[in-house]
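Top to bottom, those sequences are chains A and B.
Each residue of the first sequence is one higher than the one before, counting from 411 in the numbering used here.
Each residue of the second sequence is one higher than the one before, counting from 18 in the numbering used here.
Data first, discussion second: the structure below is written as structure tokens.
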Amino acid sequence: MMSDMQEITNELRAKANEVFGESRVSDLSVTRTVNQEGSVILRITLTYSSEVALTAEEMAQFLDLAWSEAQNVESAIPVVDFLDLTDVTNIAAE
Amino acid sequence: MSPTSRLSDELLEVARDRLSGSIHSEANLRRATSDLYYAVFHAVSEALVEPLVGHTSGEPFKEAYVSIYRQLDHGLAEKRCKIVAQGKELPEEIRRFAKHMTSMKEKRVQADYHPLETMQVSVVKNDLQMTEARLKSFWEAPPGDRTAFAYFVGLKNQRD
């Protein structure tokens, strides 16, 4: 399971770099949970540096790729949080 | 019912208003997330009754309209959206709508019920941007595909 999660994290990071460009992707993390419907959820947090805002089309493209990758992990549902690095900085300062 | 009076559009507008100021409380971000999910949820309900629009003047039709509008169930919708998302039967804009709906359902549960979740402004604003795009393409999709999706996601069959 741990190796699966590491593998999908690496795969998704590579896909994020493809879609958004390496310089805009700051971090990507994945956690696995099971929701009240019994579905496996992959909660993906993609942290990006916000010099250029993400477009809806870019986010949709990444979500498409995340769905393809999630099929390999217990047919999971991917849920993506697109997080601006500035928000992370603000949280750290609080 | 006309396109200008869609509840889904109004819920989207409410979310937009909540996110328009410079100060965003935790409660405001949670409510905006919930509004975005319900904008998507009501869009499917609206698509379910779309073939009945123009036939709601008599009492029996009003009853049928309300009954069909209220068929959508959160849990079944998630399961069926997953099937649509993984399949190829419906066009890309509908599959993307299904993917977005499952995401927002999960986020709405966290926002409404999880006390330890901390909402982030940028995440919710990006969810707003995605919801706007997905709803726009949902209403621009061929009506037949939209109805097929709404019926598949919203109506139970005998095995459910």
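Think of the CB as a built atom: it goes at the ideal place given N, C-alpha and C, for glycine as much as any other residue.
The structure presented is a predicted model; accordingly, all values stated were derived computationally and were not measured.
Quiz item: Taking just the CA atoms, how far does residue 45 of chain B sit from residue 19 of chain B?
Solution: Position 2 of the second sequence holds residue 19 of chain B. Position 28 of the second sequence holds residue 45 of chain B. Residue placement at residue 19 of chain B is flagged as unreliable, the pLDDT there being 45, under the threshold of 50; the coordinate-derived value follows with that caveat. Taking C-alpha positions only, residue 19 of chain B is separated from residue 45 of chain B by approximately 29 angstroms.
Self-check item: 8 angstroms Cβ cut-off: residues of chain B touching residue 447 of chain A
Solution: Counting from one through the first sequence, the residue named residue 447 of chain A turns up at place 37. In chain order: 92, 95, 96.
Quiz item: In chain order, what residues of the same chain lie with their CB nearer than 8 angstroms to the CB of residue 99 of chain B, ignoring the 5 residues before and after it?
Solution: One-based indexing of the second sequence puts residue 99 of chain B at position 82. Answer for residue 99 of chain B: 115, 119, listed in chain order.
Self-check item: Where residue 434 of chain A falls, given that 16 or more other Cβ within 10 Å makes a residue buried
Solution: The residue labelled residue 434 of chain A in the question sits at position 24 within the first sequence. So residue 434 of chain A counts as buried.
Quiz item: By the criterion of Cβ-Cβ separation under 7 angstroms, what are the contact partners of residue 140 of chain B in chain A?
Solution: For the purposes of this step, residue 140 of chain B is taken as the residue at position 123 of the second sequence. What residue 140 of chain B touches in chain A: 491, 492, 493.
Self-check item: Proximal residues of chain A, C-beta to C-beta of residue 119 of chain B below 7 angstroms
Solution: The sequence position of residue 119 of chain B within the second sequence is 102, counting from 1. Simply 487.
Quiz item: How many angstroms separate the CA atom of residue 147 of chain B from the CA atom of residue 75 of chain B?
Solution: Reading the second sequence from its first residue, position 130 is the one you call residue 147 of chain B. Reading the second sequence from its first residue, position 58 is the one you call residue 75 of chain B. In this structure, the alpha-carbon of residue 147 of chain B lies about 38 angstroms from that of residue 75 of chain B.
Quiz prompt | Delimiting residues of the alpha helix (DSSP H) encompassing residue 84 of chain B | solution = Here residue 84 of chain B refers to the residue found at position 67 when the second sequence is read from its first residue. Residues 76–86.
Self-check item: Proximity below 9 angstroms, CB of residue 163 of chain B to CB of residue 473 of chain A
Solution: As a working mapping, residue 163 of chain B is identified with position 146 in the second sequence. As a working mapping, residue 473 of chain A is identified with position 63 in the first sequence. Contact annotation: residue 163 of chain B and residue 473 of chain A have beta-carbon atoms that are not nearer than 9 angstroms.
Quiz item: Where residue 108 of chain B and residue 432 of chain A are concerned, what is the direct C-alpha to C-alpha distance, given to the nearest angstrom?
Solution: Locating residue 108 of chain B in the second sequence gives position 91, counting from the first residue. Locating residue 432 of chain A in the first sequence gives position 22, counting from the first residue. Taking the CA atoms as reference points, residue 108 of chain B sits about 30 angstroms from residue 432 of chain A.
Quiz item: Where do the ends of the beta strand (DSSP E) carrying residue 457 of chain A lie?
Solution: Working through the first sequence from its first residue, we reach residue 457 of chain A at position 47. Its beta strand (DSSP E) spans residues 450–458.
Practice problem: Establish whether the CB of residue 451 of chain A and some CB of chain B are separated by less than 9 angstroms. | Solution: For the purposes of this step, residue 451 of chain A is identified with residue 41 of the first sequence, where counting begins at 1. Closer than 9 angstroms to the CB of residue 451 of chain A there is at least one CB belonging to chain B.
Quiz prompt | residue 444 of chain A - partner residues in DSSP beta bridges | solution = Numbered from 1 along the first sequence, position 34 holds the residue referred to as residue 444 of chain A. Residue 444 of chain A pairs with A:450.
Self-check item: DSSP state of residue 488 of chain A mapped onto helix, strand, coil
Solution: Here residue 488 of chain A is taken as the residue at index 78 of the first sequence, counted from 1. If DSSP states are grouped into helix, strand and coil, residue 488 of chain A belongs with the strands.
Practice problem: Tell me whether residue 481 of chain A is buried or exposed, calling it buried when 16 or more other Cβ atoms sit within 10 Å of its Cβ. | Solution: Taking the first residue of the first sequence as 1, we reach residue 481 of chain A at position 71. Label assigned to residue 481 of chain A: exposed.
Self-check item: Residue burial classification, residue 125 of chain B (beta-carbon count within 10 angstroms, cutoff 16)
Solution: On the second sequence, position 108 is the one that residue 125 of chain B refers to. Per the 10 Å Cβ criterion, buried.
Quiz item: By the 10 Å Cβ neighbour count, where 16 or more other Cβ atoms means buried, how is residue 171 of chain B classified, buried or exposed?
Solution: Mapped onto the second sequence, residue 171 of chain B falls at position 154. Residue 171 of chain B is buried by the Cβ-count criterion.
Quiz item: So residue 454 of chain A packs on residue 489 of chain A, CB below 8 angstroms; how close in whole Å?
Solution: Translated into positions along the first sequence, residue 454 of chain A becomes position 44. Translated into positions along the first sequence, residue 489 of chain A becomes position 79. Contact flag correct, Cβ pair sits at about 7 angstroms.
Quiz item: Using a C-beta cutoff of 9 angstroms, does residue 137 of chain B count as contacting chain A?
Solution: Counting from 1 along the second sequence, the entry for residue 137 of chain B is found at position 120. With 9 angstroms as the cut-off, residue 137 of chain B counts as an interface residue toward chain A.
Quiz prompt | Check whether residue 57 of chain B and residue 25 of chain B have beta carbons under 9 angstroms apart | solution = The sequence position of residue 57 of chain B within the second sequence is 40, counting from 1. The sequence position of residue 25 of chain B within the second sequence is 8, counting from 1. Against a cut-off of 9 angstroms, the Cβ pair of residue 25 of chain B and residue 57 of chain B comes out as a contact.
Self-check item: Contact list for residue 497 of chain A against chain B, beta-carbon separation under 7 angstroms
Solution: Stepping through the first sequence from its first residue, residue 497 of chain A is reached at position 87. The contacting residues are 137, 138, 139.
Quiz item: Closer than 9 angstroms, CB to CB, is residue 157 of chain B near chain A or not?
Solution: As a position in the second sequence, residue 157 of chain B is number 140, starting the count at 1. Chain A contact via Cβ: absent.
Quiz item: Are residue 469 of chain A and residue 143 of chain B close, meaning C-beta to C-beta below 9 angstroms?
Solution: Within the first sequence, residue 469 of chain A is the residue found at index 59, counting from 1. Within the second sequence, residue 143 of chain B is the residue found at index 126, counting from 1. Cβ atoms of residue 469 of chain A and residue 143 of chain B: closer than 9 angstroms.
Quiz item: Just the Cα atoms here: how many angstroms apart are residue 136 of chain B and residue 450 of chain A?
Solution: As a working note, residue 136 of chain B is residue 119 in the second sequence. As a working note, residue 450 of chain A is residue 40 in the first sequence. Those two C-alpha atoms are separated by around 21 angstroms.
Self-check item: Limits of the alpha helix (DSSP H) - the one that residue 143 of chain B falls within
Solution: In the second sequence, residue 143 of chain B corresponds to position 126, counting from 1. Residues 138–157.
Quiz prompt | Contact check, residue 122 of chain B vs residue 158 of chain B, beta carbons under 9 angstroms | solution = The sequence position of residue 122 of chain B within the second sequence is 105, counting from 1. The sequence position of residue 158 of chain B within the second sequence is 141, counting from 1. Contact: no.
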